[in-house]
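Take my numbering: the last position of the sequence shown gets the number 294, and nothing is skipped along the way. Cβ coordinates follow ideal geometry from the N, Cα and C atoms, glycine included. As the structure is a computational prediction, the values presented were derived from the model and not from experiment. First up is the structure itself, then whatever we jot down about it.
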Amino acid sequence: MERPFLEAQGLHKRFGTLEAVKNVHLTLRPGEILAFLGKNGAGKSTTVKMLSGLLLPDEGEVRLLGKNPFRKPLALKHLGAVLEGNRNTYWRLTPLENLVYFGVARGLRLAAARKRALELLEEYALLEKAHTEVRHLSRGMQQKLALLQALVHDPEVLLLDEPTLGLDVETALLMQQKIRALARAGKAILLTTHQMEVAQALADRVAIIHRGEVILEETKERLLARFSGEYYVLELEKPPPLEVLQHLRALGIEGENPFFFRGDGEAIWRVLEAVKPLPLKRVAKAEADLLEVFLKVVNHV
Ligand SMILES: Nc1ncnc2c1ncn2[C@@H]1O[C@H](COP(=O)(O)OP(=O)(O)OP(=O)(O)O)[C@@H](O)[C@H]1O
-6 MERPFLEAQG LHKRFGTLEA VKNVHLTLRP GEILAFLGKN GAGKSTTVKM LSGLLLPDEG
54 EVRLLGKNPF RKPLALKHLG AVLEGNRNTY WRLTPLENLV YFGVARGLRL AAARKRALEL
114 LEEYALLEKA HTEVRHLSRG MQQKLALLQA LVHDPEVLLL DEPTLGLDVE TALLMQQKIR
174 ALARAGKAIL LTTHQMEVAQ ALADRVAIIH RGEVILEETK ERLLARFSGE YYVLELEKPP
234 PLEVLQHLRA LGIEGENPFF FRGDGEAIWR VLEAVKPLPL KRVAKAEADL LEVFLKVVNH
294 V
């Protein structure tokens, strides 16, 4: 397996008597998106701030491409972060000026920073606002710019906090596509969000933090499969006649076209037998979604 780009081991953070983050271990490998989920106050931002070198852990260690950013701040060049409340954009500068500034600050030469900034502005459909002061951009445009600032020096690791919140539908989808493309290009991405559909669409792995502790970490596929259990869904072209419905109920089947039932391959045959010869629309394994999983996990600990 490839070496992780980012590793956090045993992170601990206290604020007075509050243990905001307890013994958190996280890894981010090249090309993967980890959705980092948790309720308000669970400890996400505190963790992400420690990962991004903004907050010193009380215990534990962060390694960015093998280096501890608190001892070797240059390691932070490998990181791009879009953090809530820390947008870091200069409001009286233009997007182009901001991007060039951050590019140079993170080690690019002026000409290279300018070239990269213009390419990014074009790619993200912001070129026409390249020379407009940031304070006059819409909120969505400012949010896109925040992502570009994180990308300008082409870092290996991206920490993205709510990258699609408050964006219009089209822009949110564009951002999702871009985030997926960045992962495909080999970036390691940590995505913090309360938008479960975004996490579900993008994540390869999911970590759930609750009261400062990571209580679950698993690939999305395995997690969803585990929570789907052995449920199947059956849908008929038309609602069935009463006698068929009674037969289905006798087999313990719930729901009302779609119907749901639990069981194995044999159970499917019994159900198909019961509805024969009514036209079928679909028979499939029921799929859990991440929202359902999240609510079950955080409400049962
Ligand atoms: N600087 C601070 N001083 C004192 N307490 C803090 C500080 N920062 C965070 N906390 C507390 O630590 C806990 C975790 O907060 P954190 O911001 O990490 O949660 P979060 O999961 O990001 O929540 P949200 O989804 O609401 O952004 C909360 O109880 C919060 O009040």
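In the three-state DSSP reduction, Tyr117 falls in the coil class, being neither helix nor strand. With fewer than 16 other Cβ atoms from the protein chains shown falling within 10 Å of its own Cβ, Phe8 counts as exposed. For Ala174, the enclosing alpha helix (DSSP H) stretches over residues Val162 to Arg177.
One alpha carbon belongs to Ala118, the other to Arg102, and they sit about 24 Å apart. In this structure, Ala74 has its beta carbon at no less than 6 Å from each heavy atom of ligand 1. Look at Val145 here: in three-state DSSP terms it is coil, with no helix or strand label. Contact between the stretch 67 to 84 and the stretch 143 to 151 is established, with three or more Cβ pairs separated by less than 8 Å. Any heavy atom of ligand 1 within less than 6 Å of a residue's beta carbon puts that residue on the list, which reads Phe8, Leu11, Ala13, Gly31, Asn33, Gly34, Ala35, Gly36, Lys37, Ser38 and Thr39. Considering only Gly100, Leu111 and Val97, the residue with the shortest C-alpha distance to Pro88 is Leu111.
Leu152 sits away from Leu175, with the two beta carbons spaced by 7 Å or more. Here Lys70 carries a helix assignment [DSSP, helix/strand/coil].
Its Cα nearest to that of Glu247, the residue Ala279 stands out among Glu230, Leu21 and Ala279. Fewer than three Cβ pairs drawn from the stretch 118 to 138 and the stretch 31 to 45 lie within less than 8 Å of each other, which leaves the two stretches out of contact. Of all alpha-carbon atoms in Ala281, Leu166 and Val191, the one lying nearest the alpha-carbon of Ala218 is that of Ala281. 7 Å or more divides the Cβ of Val290 from the Cβ of Ile202. Three or more pairs of CB atoms, one per stretch, sit closer than 8 Å, so the stretch 248 to 258 contacts the stretch 222 to 236.
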